[in-house]
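Working notes, structure below.
Numbering (full-length UniProt numbering), first residue to last: 1 to 636.
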């Protein structure tokens with residue numbers, strides 16, 4: 001049957017989740033003579049997902065790998081940590097059936113190996129073979145993704161899975177002797193992107209084999225930017241429009257799961273070959289092969305059919321705000337309750353700030369800030385906050401981070417100690433031996449909240465690495481960029497990271513705004529206090545806070561010509577009355593505070609009233625800094 005109008009499932013395709021390759025093969029057989037059959041495959045699966053059936057697709061973020069059926073459709077929420085070189089594969093290959101000499105064409109797309117029956121053999125010299133190209137992304141779970149995000153996404157899933165103990169690979173790993181002497185017909189599985197491998201008797205250097213075995217036994221670094229990450233890493237094979245994606249993008253991938261055991265055998269064969277060949281004759285180093293072709297049981301492959309770029313990872317709001325009827329309805333419902341939600345969030349943050357309502361206001365401004373544009377090298381909209389006056393020992397900061405984790409989708413706590421500055425790798429670095437990008441702590445996705453705890457800083461000496469790390473932190477705060485280390489040069493990667501710094505006095509790091517904490521209450525046990533505060537918040541109200549903070553980052557904002565003229569006149573008057581009272585930097589900060597105050601109140605444009613209220617907040621903040629320059633607070 002031909003596909004016309006809405007995409008429908010071809011006959012005899014089976015289940016689109018458990019047998020996606022069968023659906024693809026049937027669509028190919030039906031449409032191969034017609035142009036655009038690849039688009040029909042994508043449209044078919046896209047329609048299935050849009051019919052709200054995506055919740056039935058198992059997710060690698062929630063389900064252990066051994067619970068998933070090989071070659072089934074899965075999804076994965078991830079960040080692009082690295083991009084490998086494009087690879088060639090047999091997009092279409094021809095087989096010869098030895099029982100009747102019949103020839104048939106097969107589709108190699110979305111596969112790692114050519115799948116044939118025992119009677120069939122791949123004709124690698126066929127003129128009908130079509131060589132295609134695909135890109136490989138090394139993807140990791142979203143760094144610092146909050147536990148509440150994982151739990152909500154998991155609760156949406158309707159997929160029913162169980163350990164795939166009944167799965168038996170089509171071909172078990174066999175020794176070279178068995179391959180050489182066995183005369184019984186076996187199913188042929190050829191790596192669609194591989195090369196011919198010599199037999200065992202061609203391998204002569206035992207010493208090189210032993211060296212290779214020793215190297216391959218070392219544990220594989222999964223390259224997570226944050227060391228505490230526990231989720232899976234995946235090699236995502238992308239077939240269309242890979243140029244539209246870049247490193248650090250957030251993706252949701254729907255594709256065919258590949259955990260072919262034969263790949264491990266083929267990779268071992270390649271390792272043996274490289275150990276046998278002269279190193280000068282080998283294009284890839286052993287370490288590069290090991291990194292780019294890890295065992296599928298450790299790093300599975302996903303052959304992407306649909307790749308969606310995520311604007312955020314908050315599961316409580318649509319991915320694209322105001323683009324669909326559902327998202328418009330969500331925004332309208334949110335705006336109706338915004339004033340009440342802001343009041344409740346301000347009250348909650350005031351308790352978090354130990355009764356300091358001014359610090360609570362600026363904390364909200366910080367949490368909804370985002371880089372909305374860049375003019376030359378200047379990022380607009382960032383609002384790095386330095387909360388000074390915090391007690392030493394880090395207890396308050398750690399509990400503050402405990403609250404921030406419950407409010408934002410992704411975050412990371414960074415104790416700023418001499419040891420961490422000198423030891424940790426902040427900047428991603430190119431490893432030319434393995435031909436991969438080694439991750440660093442600052443390889444974070446957009447809208448990640450980074451809390452830097454300066455209250456733990458003791459006297460000590462920064463070494464070369466420490467100085468580089470402090471400089472990198474400063475570049476993130478000031479320019480919202482990270483200069484990745486490529487040894488012979490640096491490559492600038494823009495970022496959008498919300499940095500909150502807690503310190504006793506003024507931070508050693510730059511910031512857009514400093515607020516001195518002025519506690520109104522001093523709980524004897526800060527950990528117990530913050531725990532009780534979080535427990536007292538109803539889950540429904542906590543979700544409102546999460547929606548509030550995420551949606552306001554995505555709202556448009558503008559300033560009318562009349563208000564712009566009023567602000568300019570006000571600035572001229574202030575400069576005339578007291579030239580030292582306000583500088584160009586002060587005006588920029590005040591405009592930013594006014595923008596965040598407007599958005600936090602649900603206003604998409606600046607009014608005169610909001611401008612004067614922002615002036616009052618800034619006046620209170622500056623006066624407090626003058627009065628409490630050296631405030632350090634009592635021990636909590």
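Backbone N, C-alpha and C define an ideal beta-carbon position, used for all residues, glycine too.
If you're wondering where the values come from, they're calculated on a predicted model, not measured in any experiment.
I'd like to check one pair, residue j with residue i: are the Cβ atoms closer than 8 Å?
i: residue 407; j: residue 545; result: yes
i: residue 250; j: residue 313; result: yes
i: residue 153; j: residue 243; result: no
i: residue 557; j: residue 598; result: yes
i: residue 80; j: residue 224; result: no
i: residue 16; j: residue 27; result: no
i: residue 353; j: residue 542; result: no
i: residue 513; j: residue 362; result: yes
i: residue 346; j: residue 359; result: no
i: residue 59; j: residue 157; result: yes
i: residue 605; j: residue 559; result: yes
i: residue 469; j: residue 426; result: yes
i: residue 57; j: residue 159; result: yes
i: residue 226; j: residue 412; result: yes
i: residue 134; j: residue 238; result: yes
i: residue 292; j: residue 44; result: no
i: residue 366; j: residue 348; result: no
i: residue 431; j: residue 424; result: no
i: residue 364; j: residue 553; result: no
i: residue 473; j: residue 509; result: yes
i: residue 65; j: residue 256; result: no
How close, in whole Å, do the beta carbons of residue i and residue j come, if the pair is a contact with beta carbons under 8 Å?
i: residue 416; j: residue 453; result: 6 Å
i: residue 455; j: residue 391; result: 7 Å
i: residue 501; j: residue 386; result: 5 Å
i: residue 145; j: residue 410; result: 5 Å
i: residue 75; j: residue 303; result: Residue 75 to residue 303, Cβ: 13 Å. No contact.
i: residue 98; j: residue 121; result: 7 Å
i: residue 343; j: residue 300; result: Actually they are not in contact, since the Cβ atoms of residue 343 and residue 300 sit about 47 Å apart, beyond 8 Å.
i: residue 370; j: residue 447; result: 7 Å
i: residue 129; j: residue 92; result: 7 Å
i: residue 234; j: residue 116; result: Wrong, their Cβ atoms sit about 26 Å apart, outside the cutoff.
i: residue 247; j: residue 493; result: 7 Å
i: residue 451; j: residue 397; result: 7 Å
i: residue 220; j: residue 294; result: 5 Å
i: residue 41; j: residue 305; result: 7 Å
i: residue 403; j: residue 449; result: At roughly 11 Å, the Cβ-Cβ gap does not stay under 8 Å, so residue 403 and residue 449 are not in contact.
Opposite residue i in the DSSP bridges: which residues?
i: residue 82; result: 138
i: residue 255; result: 74 and 304
i: residue 95; result: 104 and 122
i: residue 513; result: 385
i: residue 412; result: 450
i: residue 490; result: 485
i: residue 234; result: 139
i: residue 431; result: 436
i: residue 497; result: 448
i: residue 375; result: 378
i: residue 557; result: According to DSSP, residue 557 bridges with nothing at all.
i: residue 41; result: In DSSP, residue 41 forms no bridge with anything.
i: residue 145; result: 410
Classify residue i: buried if its beta carbon has 16 or more other beta carbons within 10 angstroms, exposed otherwise.
i: residue 124; result: exposed
i: residue 172; result: The predicted position of residue 172 is uncertain, since its pLDDT is 38 and thus under 50; no value can be drawn from it.
i: residue 433; result: exposed
i: residue 204; result: Per-residue confidence for residue 204 stands at a pLDDT of 40, beneath the threshold of 50, marking its modelled position as unreliable; the derived number appears in the next sentence. So residue 204 counts as exposed.
i: residue 462; result: exposed
i: residue 521; result: exposed
i: residue 539; result: exposed
i: residue 622; result: exposed
i: residue 356; result: buried
i: residue 118; result: exposed
i: residue 515; result: buried
i: residue 290; result: buried
i: residue 25; result: buried
i: residue 202; result: Its pLDDT being 39, under 50, residue 202 is placed unreliably by the model, and the measurement read from it follows with that caveat. It is exposed - the Cβ of residue 202 has fewer than 16 other Cβ atoms within 10 Å.
i: residue 196; result: Interpretation of residue 196 is limited by its pLDDT of 35, a score under 50 that renders its predicted location unreliable; no figure is taken from the coordinates.
i: residue 608; result: exposed
i: residue 389; result: buried
i: residue 89; result: buried
i: residue 82; result: buried
i: residue 467; result: exposed
Quiz item: Does the region 607 to 621 touch the region 584 to 594, meaning 3 or more C-beta pairs lie closer than 8 Å?
Solution: yes
Quiz item: Counting pairs of beta carbons, one from the region 479 to 499 and one from the region 362 to 379, are three or more of them closer than 8 Å?
Solution: yes
Quiz item: Do the region 567 to 581 and the region 529 to 537 touch if we need at least three Cβ pairs shorter than 8 Å?
Solution: No, they do not touch.
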